[in-house]
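Notes follow the structure.
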Amino acid sequence: MTQRYHNPFVGIDLLAPIRQRQVYDRYCQTGGSSVIDSCPFPRMVDLWFTGICLAVRQGLRPIDLTKEETFKFHDGSVFESDSWRVQALMLIAIAVAGRVDIVNEPRRIISLANGLAAAGVPVGVEMIENGNQPPIWNLSDNIMELLRSEGTTG
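Quick note: the sequence shown uses this note's numbering, first residue 5, plus one each step.
Shown next as structure tokens:
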């Protein structure tokens, strides 16, 4: 039986800057292609979450999306099938905001996550395009190199 966790992000929009729309369409299988070699992300939320992880790893600041035109690609209900992401987003928000009580502000958490994703997706695109292999292999090799070269942070 599947265990259910509370998802405070249901109904809260996951957003990306319009200027990144082509990236989402090109590298996500929801954009039309289902060839994993050229479209390494099954869903747009997977690219979005990778952007968050890369932004956190690189120490990037969230982009203020209130000053940009954005597009909605889903809402927080997408985490129903990936409940671990709820906890991960909360932990990231605590680290970025520097306060534990942010866990009581789901809209603020998603706002931070949207901003981090916007900052990190260009890093992911650079990794996808940096190499002589299909996108998924370039991304994989560059993430492995990132993990090897930086060691642990903290």
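Glycine is no exception: its CB is placed at the ideal position from the N, C-alpha and C atoms.
Tell me which residues share the same chain as residue i and place their Cβ nearer than 6 Å to its Cβ, disregarding the 5 neighbours each side in the sequence.
{"i": "M48", "result": "Y28, C32, T34, F77"}
{"i": "T174", "result": "Within the shown structure, residues of the chain are numbered from 5 to 158, placing residue 174 beyond reach of any answer."}
{"i": "S87", "result": "Y9"}
Pick from the options: whose alpha carbon is nearest that of residue i?
{"i": "A99", "options": "L64, D50, L19", "result": "L64"}
{"i": "P66", "options": "A20, A121, S144, P126", "result": "A121"}
{"i": "A20", "options": "P126, C43, P12", "result": "P126"}
{"i": "L51", "options": "Q62, R61, R30", "result": "R30"}
{"i": "G80", "options": "E72, Q91, R25", "result": "Q91"}
{"i": "F75", "options": "Q26, S85, E133", "result": "Q26"}
{"i": "L143", "options": "S42, I56, E73, A59", "result": "S42"}
Can you say whether residue i is buried or exposed, counting buried as having 16 or more other CB atoms within 10 angstroms of its CB?
{"i": "M131", "result": "buried"}
{"i": "N118", "result": "buried"}
{"i": "L151", "result": "exposed"}
{"i": "G15", "result": "exposed"}
{"i": "L95", "result": "exposed"}
{"i": "V82", "result": "buried"}
{"i": "Q24", "result": "buried"}
{"i": "V39", "result": "exposed"}
Helix, strand or coil: how does DSSP classify residue i here?
{"i": "L18", "result": "strand"}
{"i": "D79", "result": "strand"}
{"i": "F53", "result": "helix"}
{"i": "M5", "result": "Annotation note: pLDDT 41 at M5 (below 50); position unreliable, coordinate value reported separately. Residue state, collapsed to three classes: coil."}
Report all residues from its chain with a CB closer than 8 Å to the CB of residue i; omit the five preceding and five following residues, and keep chain order.
{"i": "M5", "result": "Because M5 sits at a pLDDT of 41, beneath the cut-off of 50, its placement in the model cannot be relied upon, and the following sentence gives the value as read from the coordinates. So the list is empty, once near-sequence residues are dropped."}
{"i": "L69", "result": "L19, P21, S115, N118, G119, A122"}
{"i": "R112", "result": "A97, A101, I106"}
{"i": "Q62", "result": "G124, V127"}
{"i": "F13", "result": "D79, G80, S81, F83, V90, L93, P110, I113, I114"}
{"i": "N11", "result": "G80, S81, F83, E84, S87, V90"}
{"i": "V104", "result": "I98"}
{"i": "G135", "result": "W141, N142, D145, N146"}
Whole-angstrom Cβ separation of residue i and residue j, contact assumed at under 8 Å?
{"i": "P44", "j": "P110", "result": "At roughly 29 Å, the Cβ-Cβ gap does not stay under 8 Å, so P44 and P110 are not in contact."}
Looking only at its chain, what residues have a beta carbon closer than 7 Å to the beta carbon of residue i, apart from the 5 residues adjacent to it on each side?
{"i": "N108", "result": "none"}
{"i": "V60", "result": "I96, L120"}
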